[in-house]
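Just add 72 to wherever you are in the sequence shown, counting from 1, and you've got our numbering.
Quick reminder that beta carbons are idealized off the backbone N, C-alpha and C, glycines included.
Computed from a predicted model, the values in this text were never measured in an experiment.
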Amino acid sequence: MTIPADSPTPLLGLEPEAARTALTEFFAERGERRYRADQVLEWVYPGAQTFDEMTNLTKASREALGRRFTLAPLVPEVVQRSNDGTVKHLWRCPDGEAIESVLIPADDRLTLCLSSQAGCALGCVFCGTGAYGFRRQLTAAEIVAQYRDSVRYAQAHGMGAITNIVFMGMGEPLANPEPVFAALTILNRGFRVGARHITVSTVGIVPGIRELARRPEQVRLAVSLHAPNHKLRLTLVPVEKRYPLPQLMDAIREWVRAKGKRVTFEYTMIQDVNDSPALADELAELVCEFHPLVNLIPMNPIPFVGWRPSPPEVIAQFRSRLERSGRVRARVRSPRGSDIAAACGQLYNQAYEKGLAATARAS
Ligand code: SF4
């Protein structure tokens, strides 16, 4: 997205130090005291959506702030609430692009799954987002706003506080590294979300994993494998061609060494494609050095792919084979929000097909 030079600066997308500098300069130009910058940030990080909420500033200051900066990059287009409490938002971006995020309540946790790109270029063959291709990168402000506005929604609807953030919505976060890394800093140092409560999920972008290893934030890493060998993975996850498994495993080793944490693996279970006992053994062999958690995720059926999720008994058998070595822990992730199209890209795709996104683009 090209932002015209004279457009207001998206304050939410600046890392806290940069935001403070920009605000300090702004108030200095106006002949106002420096502490005003901190006053504004004390509103921004709990989650102000407008400058009008900043009632300890004068009306003239608020109006001037609104001309120089912007706080509201997203408008809720559709909100769907599932019978199981899952809530999905389809947000409208300033240029009309549409993106999704999902609130997932479970036990004493409330997890926000957010998007890092509009669409996705990586084309994993079982993925609803990938099927519609890449639209554009999200800005840091658009990523952070999904969190800020979801916090507001959760508070207003009795869902409690968001306890965890996962970058598992639309897009591949490490294919949009700068805005995603800025968003991690803003969420962690601005909104004070503990880095251990943030998970970046990647399908295997090796340079991004290495960069994540070098970053100061102690965020968690989840790697979507979907297959334990090069040949099968190539048919499911095209990025395997660019970053084959040996390179990916090396990058994970580097991340584990740097962070001293356990990596999580994600494995979408597709009937008769990647769910045989032999593949479970191969997967255990591949990942056991990390003593990881492996999440087994029944595939979300998508209309234009004939594949089905593996049956529960096959997943249970796969899980027990994986755990046989004692060095791998496996868990079956139960599908959530199936009555509201909560899988990655589904709501966007529905909106797209109805012309919502197309209308948005035109506007
Ligand atoms: S699974 Fe993730 S990386 Fe693969 S196409 Fe879908 S959004 Fe992109």
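C-beta contact flag for R396 and C360 at 8 Å = Here residue 396 refers to the residue found at position 324 when the sequence shown is read from its first residue. Here residue 360 refers to the residue found at position 288 when the sequence shown is read from its first residue. Not closer than 8 Å, so no.
So what's T142 in DSSP terms, helix, strand or just coil?
-> As a working mapping, residue 142 is identified with position 70 in the sequence shown. Shown here, T142 sits in a strand according to DSSP, grouped into three states.
Leaving out five residues on either side along the sequence, give the residues of the same chain with a beta carbon under 8 Å from the beta carbon of T235.
-> In the sequence shown, counting from the first residue as 1, residue 235 sits at position 163. For T235, where only same-chain residues beyond five positions count, the Cβ hits under 8 Å are D180, R181, L182, T183, H269.
For A71, I'd like the list of residues in its chain whose CB is within less than 8 Å of its CB, leaving aside the five on either flank, ordered along the chain.
-> As shown, the chain starts at 73 and ends at 435. That puts residue 71 outside it, with no answer to give.
In the DSSP assignment, find the unbroken alpha helix (DSSP H) run with T96 in it and report its ends.
-> Here residue 96 is taken as the residue at index 24 of the sequence shown, counted from 1. Segment 88-101, the alpha helix (DSSP H) holding T96.
Work out the CA separation of A356 and I277 for me, nearest whole Å.
-> Here the question's residue 277 lines up with position 205 in the sequence shown. Here the question's residue 356 lines up with position 284 in the sequence shown. So the two alpha carbons sit approximately 22 Å from each other.
Is E244 near the ligand SF4, in the sense that its beta carbon is under 7 Å from a heavy atom of that ligand?
-> Position 172 of the sequence shown, counted from the start, is the residue given in the question as residue 244. At least one heavy atom of the ligand SF4 is nearer than 7 Å to the Cβ of E244, so yes.
Distance, Cα to Cα, P279 vs W115?
-> For the purposes of this step, residue 279 is taken as residue 207 along the sequence shown, with counting starting at 1. For the purposes of this step, residue 115 is taken as residue 43 along the sequence shown, with counting starting at 1. Computed Cα separation, rounded: 36 Å.
Across which residues does DSSP place Y315 in a beta bridge pair?
-> As a first step, residue 315 must be located in the sequence shown, where it is residue number 243. None; Y315 has no bridge partner.
Give every residue of the same chain whose Cβ lies closer than 6 Å to the Cβ of I387, excluding the five residues on either side of it in the sequence, and list them in chain order.
-> Position 315 of the sequence shown, counted from the first residue, corresponds to residue 387. The residues are M341, L368, V404.
Cα-Cα separation between I258 and D344, rounded to whole angstroms = One-based indexing of the sequence shown puts residue 258 at position 186. One-based indexing of the sequence shown puts residue 344 at position 272. Rounded to the nearest angstrom, the gap between the Cα atoms of I258 and D344 is 43 Å.
Out of curiosity, what's the CA-to-CA distance linking D411 and P375?
-> Within the sequence shown, numbered from 1, the residue matching residue 411 stands at position 339. Within the sequence shown, numbered from 1, the residue matching residue 375 stands at position 303. Going by the C-alpha atoms only, they are around 15 Å apart.
Reduced DSSP category for S173 - H, G, I as helix; E, B as strand; rest coil | In the sequence shown, counting from the first residue as 1, residue 173 sits at position 101. Residue state, collapsed to three classes: strand.
Ordered along the chain, which non-local residues of its own chain (more than five positions away) have a Cβ less than 6 Å from that of A212?
-> On the sequence shown, position 140 is the one that residue 212 refers to. Result list for A212: G85, P251, A254, A255, in chain order.
With hydrogens ignored, establish whether the beta-carbon of T201 is closer than 7 Å to any heavy atom of the ligand SF4.
-> Start at 1 with the first residue of the sequence shown, and residue 201 comes out as number 129. It does: the Cβ of T201 is within 7 Å (strictly closer) of some heavy atom of the ligand SF4.
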